[in-house]
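Shown next, in structure tokens, is the structure this report addresses.
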Amino acid sequence: MRQSRQANLIKQMTHRELTAHLYLTQLILLMVSLIAGAIFFDIADILLRFKFDSRWVFWGVVNGAAVAGIDIMLMNLLPERYYDDGGINNKIFKAMPFWQIPLVALVVAFTEELLFRGIVQTSIGLVAASILFAVIHLRYWTHWYLMVNVIILSFWIGIVYEMADRLLWPVIAMHFTIDCLLGIYIKFGSFRKDL
């Protein structure tokens, strides 16, 4: 029942409205990050997280490409209903100009990794950050497969964060790569239809 209401709401919204909601959500997450960062860390701690190490950034891109590749393979093997998020991703990315996909991917990767790795995981650990990351993806709550998928993804990103000595650029690069490649695939690719 909830799924059909969500799908109807998505159908009623324009691409522009969905994109505006996406940016608004990211702005809220950025504000939460800045407030929490100011409370729990001093500026030197936060700046340390932004040290750039090209080897780890490359590792983030490689991991992101692996995740996107696995996801695309599964999208084509599993029944379409496993990836049904109410049509949000299709509606956003199919109508989005190509140049905007990397921009959206960068905004989402930066804000979500700043909050969930830089603030939450650094403060209270990998498990809490991974659970909270899954919790904010509300549209996946009614889909067991998508929830499992986002929890595994969050742990994977969190492990890369720990391996990279808690540097943010590697996980931002990983998250960006995943979202950008999947956004491009959704825009130009096609899902295997259930028979």
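Yeah, the sequence shown ends on 1268 if you go by my numbering, and it's all consecutive. Ideal Cβ positions, reconstructed from N, Cα and C, are used throughout, including at glycine.
Annotated three-state conformation of residue 1159 is coil, per DSSP.
Below 8 Å, enough C-beta pairs join the segment 1154 to 1172 and the segment 1210 to 1224 to call them touching: three or more. Taking a C-beta distance under 8 Å as the contact criterion, residue 1122 and residue 1241 qualify as a contact pair. Residue 1164 and residue 1119 have their alpha carbons spaced roughly 36 Å apart. Assigned with DSSP and collapsed to three states, residue 1220 falls in helix. In its chain, beyond the 5 residues on either side, 1247, 1250 and 1251 have a beta carbon closer than 6 Å to the beta carbon of residue 1137. A residue is called buried once 16 or more other Cβ atoms fall within 10 Å of its Cβ, and residue 1140 is buried on that count. Residue 1089 is classed as exposed because its beta carbon has fewer than 16 other beta carbons within 10 Å across all chains shown.
Assignment of alpha helix (DSSP H) within the segment 1098 to 1137, counting only whole runs of 4 or more residues, yields 1116 to 1122 in chain order. The beta-carbon distance between residue 1133 and residue 1190, rounded to whole angstroms, is 11 Å. This is too long to meet the 8 Å contact definition. Here residue 1210 carries a coil assignment [DSSP, helix/strand/coil]. Here DSSP, grouped into helix, strand and coil, assigns residue 1249 to helix. DSSP places residue 1151 outside both helix and strand once states are collapsed to three, so it counts as coil. Annotated as proximal: residue 1203 and residue 1228, with beta-carbon spacing under 8 Å. For residue 1175, the enclosing alpha helix (DSSP H) starts and ends at 1173 to 1186. Around the beta carbon of residue 1149, a 10 Å sphere encloses fewer than 16 other beta carbons of the protein chains shown; the residue is thus reported as exposed. When the beta-carbon positions are compared, residue 1103 and residue 1184 come within less than 8 Å of each other. Ranking 1160, 1261 and 1113 by CA distance to the CA of residue 1085 puts 1160 first. In this structure, DSSP gives residue 1205 a helical state, which the three-state scheme calls helix. Under a 10 Å Cβ-count criterion, residue 1143 is classified as exposed, with fewer than 16 other Cβ atoms of the shown protein chains found around its own Cβ.
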